[in-house]
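The block underneath contains the structure these notes are about, expressed in structure tokens.
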Amino acid sequence: MTGTLRPLPTTGSVTGILEAVGFFRDPDFASRRFHEFGDVFETTLIGQRLVFIRGEQAIRDLFDQSDAVQGWWPKSVQTLLGSRSLANRNGAAHKARRRVVGQLFATAALRRYSPSIVAMVDALADELMESDADIPLADRMRRFAFAVIATTVLGLDGDDRDALFTDFEIWTKALFSVPLAIPGSPFARALSARSRLLNRLQTVLQEANDGGRGGLDLLSGGLDEAGLPLTDEDLVEQLLLLLFAGYETTASSLSCLMRALLMHQDLMPWLQEELDQLTWPPQDDPTSAFDPSRAPRLQALSSEVMRMTPPVGGFFRQTVEPITLADVQIPAGRVIQVALAASNRHGTGDLETFRPQRHLDGSSQPMLLPFGGGERVCLGKALAELEIRLMTVGLLKRVSFSPVPGQNLDLQLIPSPSPKDGLLVSAEPL
Ligand code: HEM
Numbered sequence: 004m005t006g007t008l009r010p011l012p013t014t015g016s017v018t019g020i021l022e023a024v025g026f027f028r029d030p031d032f033a034s035r036r037f038h039e040f041g042d043v044f045e046t047t048l049i050g051q052r053l054v055f056i057r058g059e060q061a062i063r064d065l066f067d068q069s070d071a072v073q074g075w076w077p078k079s080v081q082t083l084l085g086s087r088s089l090a091n092r093n094g095a096a097h098k099a100r101r102r103v104v105g106q107l108f109a110t111a112a113l114r115r116y117s118p119s120i121v122a123m124v125d126a127l128a129d130e131l132m133e134s135d136a137d138i139p140l141a142d143r144m145r146r147f148a149f150a151v152i153a154t155t156v157l158g159l160d161g162d163d164r165d166a167l168f169t170d171f172e173i174w175t176k177a178l179f180s181v182p183l184a185i186p187g188s189p190f191a192r193a194l195s196a197r198s199r200l201l202n203r204l205q206t207v208l209q210e211a212n213d214g215g216r217g218g219l220d221l222l223s224g225g226l227d228e229a230g231l232p233l234t235d236e237d238l239v240e241q242l243l244l245l246l247f248a249g250y251e252t253t254a255s256s257l258s259c260l261m262r263a264l265l266m267h268q269d270l271m272p273w274l275q276e277e278l279d280q281l282t283w284p285p286q287d288d289p290t291s292a293f294d295p296s297r298a299p300r301l302q303a304l305s306s307e308v309m310r311m312t313p314p315v316g317g318f319f320r321q322t323v324e325p326i327t328l329a330d331v332q333i334p335a336g337r338v339i340q341v342a343l344a345a346s347n348r349h350g351t352g353d354l355e356t357f358r359p360q361r362h363l364d365g366s367s368q369p370m371l372l373p374f375g376g377g378e379r380v381c382l383g384k385a386l387a388e389l390e391i392r393l394m395t396v397g398l399l400k401r402v403s404f405s406p407v408p409g410q411n412l413d414l415q416l417i418p419s420p421s422p423k424d425g426l427l428v429s430a431e432p433l
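Okay, structure coming up:
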């Protein structure tokens, strides 16, 4: 905080109906208002006051005042995730559960998962090359990202995984819906799917305790904030959160990365020079075989995808005390949306251009936070980054892709960016 304190600018919207229409229809909703009101402003979306923030100073100020804010989700998400979920907890209860769940993504756990991820990439490459028809690649990326969590982390096999997937898709559809359980409504169906999902996850947990596959044995002995063992009811809500947080996001980044390579033809020769130095399948530890020190161009490409098409466009906090962000005063009880997508394109230079080289030549702006930051930084970051590295190298070392002409490569942005026509490609062996 540097200058004179200012009151919170507001759009003046009261009901927020028109603002909500703009929010869902206009990809530049936040940017337009930032341009008019500055890096911190308040508006109302269907009766919910929201403070939007962008830019390094406001976001850093927010992380620096973590004691004055808590996690927040819309009512529909809160209910569907459940009151035990760490996403809905704060303080010591949140920290204790992060410690327990974080064990699933520690280096030793990733080493355990990586052979199975390599095998899944190879199976996908085989399937793509065998197909004579045009392939919707975004759909294959979704199935891949789901399988990594369901098979590798949770240890589910074919039938169990398919049943889980069906309920999970019903559950996801209502995440950002009106949270009224009117019979037959998406929300009511999602609540029933939620109880089936929890039952299934309960069985999975039981099997893990009896020596099943996956990583769930790593959770045994997990303690809550009072040092007492976490109950199964508590643990299954954390597993449901992992499906929610880890699937759509990772699938989006994989699809957007492949889309970028297909749209910017000059990128492939540039990346190919690096791929020629790498071996598939990885000869040594797959968790580090393609890390940023060995594959800096791949890392730059991935960063640029996260900058231009962040899988999570924004996340929320609620103030429990008054705070000041970029010299703007925010009262207690306000919901803040950290607008990552708008922040990533704000600043000087060619920020509207897709140019991965900016992350290697020092011309990149310092703040890029696709995984959030502070006490709630993404728990699955290391797994997501590993999936992106293995998938990209594995597919591109074996398969040559061509985009099917005439398709719409624009993105639908909600819940996470994904090509509207599904990213249709044909695939040939290299
Ligand atoms: C490219 C993929 C991903 C992106 C861009 C991403 C991004 C994010 C972001 C922005 C947050 C919110 C941070 C905040 O509120 O400050 C978050 C939270 C979270 N993510 Fe991810 N995520 C990804 C993949 C995953 C995966 C694979 C998992 C696990 C399987 C995961 C698990 C979580 C969890 C559990 C939280 C909640 C943390 C908390 O509230 O303490 N994420 N993620």
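Just so we're aligned: 10 in my numbering is position 7 of the sequence shown, and the numbers increase by one with no gaps anywhere.
Think of the CB as a built atom: it goes at the ideal place given N, C-alpha and C, for glycine as much as any other residue.
The beta carbon of Glu355 lies closer than 8 Å to those of Arg348 in the same chain, with the five residues before and after it left out.
Annotated three-state conformation of Ile49 is coil, per DSSP.
Rounded to the nearest whole angstrom, the C-alpha separation of Ala166 and Asp235 is 21 Å.
Residue burial annotation: Pro406 is buried, with at least 16 other C-beta atoms found within 10 angstroms of its C-beta.
The stretch 7-15 and the stretch 40-57 touch, with three or more beta-carbon pairs separated by less than 8 Å.
In the three-state DSSP reduction, Phe147 falls in the helix class (H, G or I).
Here Leu204 is not near Leu84, since their CB atoms are 9 Å or more apart.
Going by C-alpha positions, Asp294 is about 46 Å away from Gly50. Membership of Gly105 in the alpha helix (DSSP H) is indicated by the continuous run Gly94 to Gly105. According to DSSP, residue pairing for Pro373 in a beta bridge does not occur. Apart from the 5 residues on each side of it in sequence, Gln106 sits with its Cβ closer than 7 Å to the Cβ of Ala112, Leu221 and Leu222 in its chain, given in chain order. Ranked by how close their Cα comes to the Cα of Gly350, the residues Gly15, Arg28 and Asp42 have Asp42 in first place. Membership of Pro432 in the beta strand (DSSP E) is indicated by the continuous run Leu427 to Pro432.
At least one heavy atom of the ligand HEM falls within 8 Å of the beta-carbon of Arg101. The beta carbon of Ile20 is closer than 7 Å to those of Ile49 in its chain, skipping five residues each way along the sequence.
At least one heavy atom of the ligand HEM sits closer than 8 Å to the Cβ of Met309. Here Thr322 is bridged, per DSSP, to Val72. Distances from the CB of Val124 to the heavy atoms of the ligand HEM are all 8 Å or more.
Annotated three-state conformation of Gly316 is coil, per DSSP. For Pro406, the enclosing beta strand (DSSP E) covers residues Val402 to Pro406. Cα atoms of Gly377 and Phe66: separation of roughly 6 Å, rounded to the nearest angstrom. For Gly6, the distance from the CB to the nearest heavy atom of the ligand HEM is not below 8 Å. Taking 9 Å as the cut-off, the beta carbon of Ala177 is found closer than this to the beta carbon of Pro189.
Between the ligand HEM and the CB of Ser256, the shortest heavy atom gap is smaller than 8 Å. Taken from the Cβ of Pro408, every heavy atom of the ligand HEM lies 8 Å or farther away.
In this structure, the alpha-carbon of Met132 lies about 27 Å from that of Gly158. Boundaries for Ala136: no beta strand (DSSP E) harbours it, and the DSSP string shows neither H nor E there. Excluding residues up to 5 positions away in sequence, Pro299 and Ala303 lie with their Cβ nearer than 7 Å to the Cβ of Leu363 in the same chain.
DSSP places Pro232 in the strand class (E or B) of the three-state scheme. Each residue's CA atom was taken as its position, placing Leu246 and Thr175 some 10 Å apart. Checking the 8 Å criterion, the Cβ of Glu378 is within range of a heavy atom belonging to the ligand HEM. Taking the CA atoms as reference points, Asp279 sits about 29 Å from Phe149. Short of 6 Å from the beta carbon of Tyr116, and not among the five residues preceding or following it, lie these beta carbons of its own chain, in chain order: Thr155.
Per the coordinates, the alpha-carbon of Ala292 lies some 20 Å from the alpha-carbon of Phe147. For a cut-off of 8 Å, the C-beta gap from Val121 to Gly397 is around 7 Å, short enough to register as a contact.
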